[in-house]
Every structure is written in structure tokens, then in C-alpha cells.
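Novice:
Number of protein chains: 2
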Amino acid sequence: MTAYGQFCPVAKAMEILDERWTLLVVRELLAGSTHFNELRRGNPRMSPALLTKRLRTLERVGVVRRTGDPSGRTSYRLTECGEELRPIVESLGAWGVRWIGELGTEDLDPHLLLWDIRRTVPVDEWPRSRTVLAFAFDDVPQKVAHWWLVVAGSEPDVCDYDPGFEVTATIRTGLRTMTEIWRGDRSWVDALRAGEVEVVGPDTVRRDLPRWLGQMPLAAVPRPTPIVSPSGQVG
Amino acid sequence: MTAYGQFCPVAKAMEILDERWTLLVVRELLAGSTHFNELRRGNPRMSPALLTKRLRTLERVGVVRRTGDPSGRTSYRLTECGEELRPIVESLGAWGVRWIGELGTEDLDPHLLLWDIRRTVPVDEWPRSRTVLAFAFDDVPQKVAHWWLVVAGSEPDVCDYDPGFEVTATIRTGLRTMTEIWRGDRSWVDALRAGEVEVVGPDTVRRDLPRWLGQMPLAAVPRPTPIVSPSGQVG
DNA sequence: CTGTATCCTCAAGGATACTG
DNA sequence: CAGTATCCTTGAGGATACAG
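Protein sequence lines correspond, in order, to chains A and B.
Going by this note's numbering, the first sequence opens with residue 201, and the numbers climb by one from there.
Going by this note's numbering, the second sequence opens with residue 201, and the numbers climb by one from there.
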């Protein structure tokens, strides 16, 4: 928060918002997280001390209000001022998904992926009875390769251990491929055709599964048209 | 540009954009600056080494293209990718002007103010003949208290020394007051009534002067409605 | 005009362990 | 659950001078 020495509103805004992690904490709050550990889960590489510090700053400048919620737990909520950051965070996301397609291996995180999927799972598309999808990622250490997504009732659950229910279908693929599909960088059909995803389960499930999982909301953002030269090469 | 370890497009965008000064350099490019020293003038507290570094990064990620312009001078221009940051920078400005009203003394800078005014002076509103406005700021060191704005033809000029032409009118006020008027935090009439601005010159000029100078574009952004309690106090 | 080159400091923030 | 406490490092970036 070192001052820029400018009266320009953009500079004044950035004094607050350009600090590392700040807008990612706001992103979590916009997505509906309210508790300290929810915010941590959304930003696992952030130390708790730093999260505290950022929340204090955001509170001081009026973006966040810290309250005890009904049950007495501490909870953080965006003020009107903070809520008005929504279009900014959304535009940043749209810009990011359009122009920063290349993901490093560092950017891939199964925990974040599954939690993000869980957040927006279209439960209505799923069968009424308990349904369990198993994920097996073949490009990460065994320890973090297996995940389960359980939909029973209206609340989806994510586990990194076998919850013991019968598995409806298993998705074998790379974490990278699954992430790219989720982000809308490539389509299910494309990945299936390329043999990079294998869905083990009944045909009906294999057909419905893409609709069950869906894609992240930003996946719908149109991508820049690649410039194709007459020779057919991408320029 | 330390990675966040997240595939989220907001995180990927912020890896680039949350570095100190970055979006302020982009702001200058969006405003039409193309040369190294123009970019420096817009961000005087930024060291040239750091500006170089930021420009290299922006070039590497595809936001900026570095070219020699017709005359051979180096020039920096936004790519399509960089141009798409415009709505983001504008939203940040709108948010900043709405929610960060308090300016520290550090934020006041006569050079930046005059250059910003110059940038958008509505020359058509001015007399056809050469017109010179003198600014005398009474709350800053003598050295930086006196400025001249010269409009002759279509190109306005700013000087921090007496250019020698006959002065059409002199504006005596605080740098803070002038900055607040420019930002739209307060109105001319309000500041005049409060006796915080004195315009020395012909009546016609005193009347027209607010229209000559105008306000920064973001001044038009509506401000949050203060919550007024029944007792009349601002909450 | 468009940068390099150096130096220096300091504080941001990552890692880890611990507590009411 | 919601943070503190501590340590440590490293590189970000401010200041200044200089160069092609």
C-alpha cells in the first residue's frame, strides 16, 4: 500500500488493490465465502498471517465488514463498496481467460479444481439418486490423483478419499486436460476424440456427464480469433 | 510476477497486473502516450529502470508492442490484448473516484494536475486568440506554486515558468482545492462561495473559466449516496 | 531521447509452528 | 475455528548517476 503520489482515481484504487492476493480474497468473498477457513481454501498458498493482514486492510478501507454471524462464528462480508468490485473482478477474469491461455504445471491444483467444480455443479441436471463420480488424474502424484464428487440431495460433496459409495462413473484423464475443459480452453468432445479423457461407466452416464459437470462461468467468454494466414498457419 | 498456483483466470491476470505501477503504465498508454519520457511524465515517481522492466514484461506477455515510429523514435503501443484492458482501467477509476475520496498531501502534485488538465482541455470552448491562465497555489512551496496554461491554436501548453504573454486571468487557490474540483469531488460554485478560489480577471473570463478547464472524465461518475440518519447526521 | 548501471535498503511475504 | 508468533530471505523497487 505504498502511495503512488498521484490524485488519479486509478492510482488511488491500485494502492489498495494491487497488493498481492488482495483481489483473490475479494474474488472468494464475491463467490460467497464468508469464513476465514473458506477464504484460506480458496487461496491455499496464502499464509494465514497474510490473509489476516489483507482482511484488516480491506476492513479499514471499507471493502469488507467483519461480524460475528448468528452462530457466533467470525464472518467477513463485502460492503457495498466491496460489492462494486464485482464487475472489475469479472472483467479481469474475462481478460485472463481470453489472453492468458497457457497454464504452467504450477497452476494446476486438483483441490482447487474440484472445489471450483463443486461450487457451481448444476445439481438439477443430475439423477435424483445418489451419484458418485470418481476422478483419476494420471499426471500427478498418487497422493493427489484420486477424488470423488458426490451428489445426493441438493448439496454436492468433494472427497480426496473413497467415501465408500458405489461409483457411478470414473473419469480418467490428466489434471491439465480436466482443467482446460473446465476453463473452456477446449471442449469435451475434442478431448474425448483425442483420447485424453476416458469415462468408465454406463453409456447413458458417459453421454450426460459433460452436462453434469458443466464448465466454469468464465468458460463462456469468447476467445480472441486467431489470425490465420492464407497458408493456413496461425500467426 | 510470482505465480499464485491457481488456474483461475483472475489469478492468472493478476500475476501480471498486480505488480506495482503496471496498470498505471497501461493507463498512460490508454491515454495516448507512446514514448518513454511521456510514460515517465505520467508516473514521475517511477524510476526509469523500473519503467523499462515493466515495459519489457508487458511486451513479453503481449500487452504492448515496441516499435520505432516513423521518425525512428522508440514507441510503445498497446496491442489488441492491451487495448482490452481499457474497460478494466476505467472501472478501477470509477471505483476509485467513488470510494476513495480522501486525498493525502502526498497525492497532490501540481505537475500531474496541469498535465492532466492539458490533456483534455476543450480548446473549442476557448477564445480564438491566445489565452493564458495563470495558476497560483497557496498551499505548496513557492518553487512549484506557479503554473501557466497557454491556449493558442489547437495545442494547449503548460509551463512552470512565466512564458511572458499577457495573462488573461489568474486563479488563486489551494492545490488541494483545485485537485478536488478537477476530480469532481466538489464544484466550482461551491469552492468559489467558500472563498477557496479567487479568479482575478475580467468578469466574462471569470464566468467562462470553469467551462474552459472542465473536469477530468471520471468526475462525471456519480458518488455513493451518503446515508443520512433522521437526526441529519451523516452515517 | 531512451534507456543502463549500481547500489542499497527494507519490508513484503513465504514457511512453519503454535494458541485461546 | 480463527487466528498469532516468529523467523527468514530475497527480490522489489527507490535513488542516483551515467551512456549511446
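Glycine included, each C-beta is placed from N, C-alpha and C at the ideal position.
Could you list the residues in the stretch 240–260 of chain B with a C-beta less than 7 angstroms from some C-beta on chain A, going in chain order?
Specialist: Within the stretch 240–260 of chain B, the residues whose Cβ lies closer than 7 angstroms to some Cβ of chain A are 245, listed in chain order.
Novice: For residue 225 of chain A and residue 333 of chain A, what's the separation of their Cα atoms in angstroms?
Specialist: Computed Cα separation, rounded: 29 angstroms.
Novice: Could you name the residues of the stretch 265–293 of chain B whose beta carbon sits closer than 8 angstroms to any beta carbon of chain A, in the order they occur along the chain?
Specialist: Hits within the stretch, in order: 280, 281, 284, 285, 287, 288, 289, 291, 292, 293.
Novice: Taking beta-carbon pairs under 7 angstroms, can you tell me which members of the stretch 315–344 of chain A lie near chain B?
Specialist: Listed by position along the chain: nothing, the set is empty.
Novice: Using a Cβ-Cβ distance under 7 angstroms, would residue 227 of chain B count as near chain A?
Specialist: So, interface residue.
Novice: Relative to the alpha-carbon of residue 402 of chain B, which residue among B:416, B:331, B:292, B:339 has its alpha-carbon at the smallest distance?
Specialist: Checking every option, the nearest Cα to that of residue 402 of chain B belongs to B:331.
Novice: Would you mind stating whether residue 383 of chain B and residue 416 of chain B have Cβ atoms separated by less than 7 angstroms?
Specialist: Yes, the Cβ-Cβ distance between residue 383 of chain B and residue 416 of chain B is below 7 angstroms.
Novice: When we look at the beta-carbon of residue 201 of chain A and count the other beta-carbons within 10 Å, is it buried (16 or more) or exposed?
Specialist: With fewer than 16 Cβ atoms within 10 Å of its Cβ, residue 201 of chain A is classed as exposed.
Novice: Using the beta-carbon of each residue, which ones in chain A are nearer than 8 angstroms to residue 374 of chain B?
Specialist: What residue 374 of chain B touches in chain A: nothing, since even the nearest Cβ is about 13 angstroms away.
Novice: Going by C-alpha distance, which of B:203, B:260, B:308, B:263 is nearest residue 244 of chain B?
Specialist: If we check each option's Cα against that of residue 244 of chain B, B:308 comes out closest.
Novice: So, using beta-carbon positions, are residue 264 of chain B and residue 282 of chain B closer together than 7 angstroms?
Specialist: Against a cut-off of 7 angstroms, the Cβ pair of residue 282 of chain B and residue 264 of chain B comes out as a contact.
Novice: Kindly indicate the opening and closing residues of the alpha helix (DSSP H) around residue 403 of chain B.
Specialist: Counting along the chain, the alpha helix (DSSP H) containing residue 403 of chain B begins and ends at 403–413.
Novice: Should residue 404 of chain A be flagged as near chain B, meaning a C-beta pair shorter than 7 angstroms?
Specialist: Cβ-Cβ to chain B under 7 angstroms: no for residue 404 of chain A.
Novice: Is it true that the CB of residue 421 of chain A sits closer than 7 angstroms to the CB of residue 297 of chain A?
Specialist: Yes.
Novice: Step through the CB atoms of chain A and report whether any lies within less than 7 angstroms of the CB of residue 230 of chain B.
Specialist: No, because no Cβ of chain A sits closer than 7 angstroms to the Cβ of residue 230 of chain B.
Novice: Could you tell me the alpha carbon to alpha carbon distance between residue 209 of chain A and residue 295 of chain B, rounded to whole angstroms?
Specialist: Whole-angstrom Cα-Cα distance: 8 angstroms.
Novice: Quick one: does residue 306 of chain A have its CB under 7 angstroms from some CB of chain B?
Specialist: So, interface residue.
Novice: Quick one: measure Cβ to Cβ for residue 340 of chain A and residue 375 of chain A, integer angstroms, because I've assumed they're closer than 8 angstroms.
Specialist: Going by Cβ atoms, the distance from residue 340 of chain A to residue 375 of chain A rounds to 5 angstroms, so yes, they are a contact pair.
Novice: Of all the CB atoms in chain B, is at least one closer than 7 angstroms to the CB of residue 369 of chain A?
Specialist: By this cut-off, residue 369 of chain A is not an interface position.
Novice: Rounded to the nearest angstrom, how far is the Cβ of residue 275 of chain B from that of residue 234 of chain B, given a contact under 8 angstroms?
Specialist: Confirmed, Cβ separation roughly 4 angstroms.
Novice: Can you give me the C-alpha to C-alpha distance between residue 408 of chain B and residue 361 of chain B, rounded to a whole angstrom?
Specialist: If I take the Cα positions, the gap works out to 24 angstroms.
Novice: So which residues on chain B does residue 420 of chain A lean against when the C-beta distance must stay under 9 angstroms?
Specialist: Those do not exist, as residue 420 of chain A stays about 12 angstroms from chain B at its closest Cβ, beyond 9 angstroms.
Novice: What residue range is occupied by the uninterrupted alpha helix (DSSP H) comprising residue 221 of chain B?
Specialist: Premise fails: residue 221 of chain B is in no alpha helix (DSSP H) and is neither H nor E.
Novice: Starting from the beta carbon of residue 414 of chain A, find every residue of chain B whose beta carbon is closer than 9 angstroms, and list them in chain order.
Specialist: Result: empty, since nearest Cβ-Cβ is about 16 angstroms, beyond 9 angstroms.
Novice: Does the beta carbon of residue 385 of chain B sit closer than 7 angstroms to a beta carbon anywhere in chain A?
Specialist: Not one chain A Cβ lies under 7 angstroms of residue 385 of chain B.
Novice: Could you give the distance in angstroms between the alpha-carbon of residue 392 of chain B and the alpha-carbon of residue 336 of chain B?
Specialist: The alpha-carbon atoms of residue 392 of chain B and residue 336 of chain B are separated by roughly 15 angstroms.
Novice: Do residue 358 of chain A and residue 318 of chain A have their C-beta atoms closer together than 7 angstroms?
Specialist: For residue 358 of chain A and residue 318 of chain A, yes; Cβs fall inside 7 angstroms.
Novice: Checking contacts by CB at 7 angstroms: is residue 391 of chain A closer than that to chain B?
Specialist: With 7 angstroms as the cut-off, residue 391 of chain A does not count as an interface residue toward chain B.
Novice: According to DSSP, is residue 213 of chain A helix, strand or coil?
Specialist: Of the three classes helix, strand and coil, the one that applies to residue 213 of chain A here is helix, per DSSP.
Novice: Would DSSP call residue 285 of chain B helix, strand or coil?
Specialist: Coil.
Novice: Given a threshold of 16 other Cβ atoms within 10 Å of its Cβ, counted over all protein chains shown, does residue 424 of chain A qualify as buried or as exposed?
Specialist: Looking at its Cβ environment, which holds fewer than 16 other Cβ atoms inside 10 Å, residue 424 of chain A is exposed.
Novice: Using a Cβ-Cβ distance cut-off of 7 angstroms, determine whether residue 379 of chain B contacts chain A.
Specialist: For residue 379 of chain B, the answer is yes, since a Cβ of chain A falls inside 7 angstroms of its Cβ.
Novice: How far does the alpha helix (DSSP H) with residue 272 of chain A in it extend, from its first residue to its last?
Specialist: No alpha helix (DSSP H) holds residue 272 of chain A; DSSP gives it neither H nor E.
Novice: In the DSSP output, what is residue 371 of chain B paired with across the bridge?
Specialist: In the DSSP output, where bridge partners are listed per residue, residue 371 of chain B has B:335, B:399.
Novice: Taking the C-alpha atoms as reference points, what is the distance between residue 251 of chain A and residue 405 of chain B?
Specialist: C-alpha separation (whole angstroms): 55 angstroms.
Novice: Determine the direct distance from the alpha carbon of residue 365 of chain B to that of residue 302 of chain B, and round the result to whole angstroms.
Specialist: The straight-line gap from Cα to Cα measures roughly 37 angstroms.
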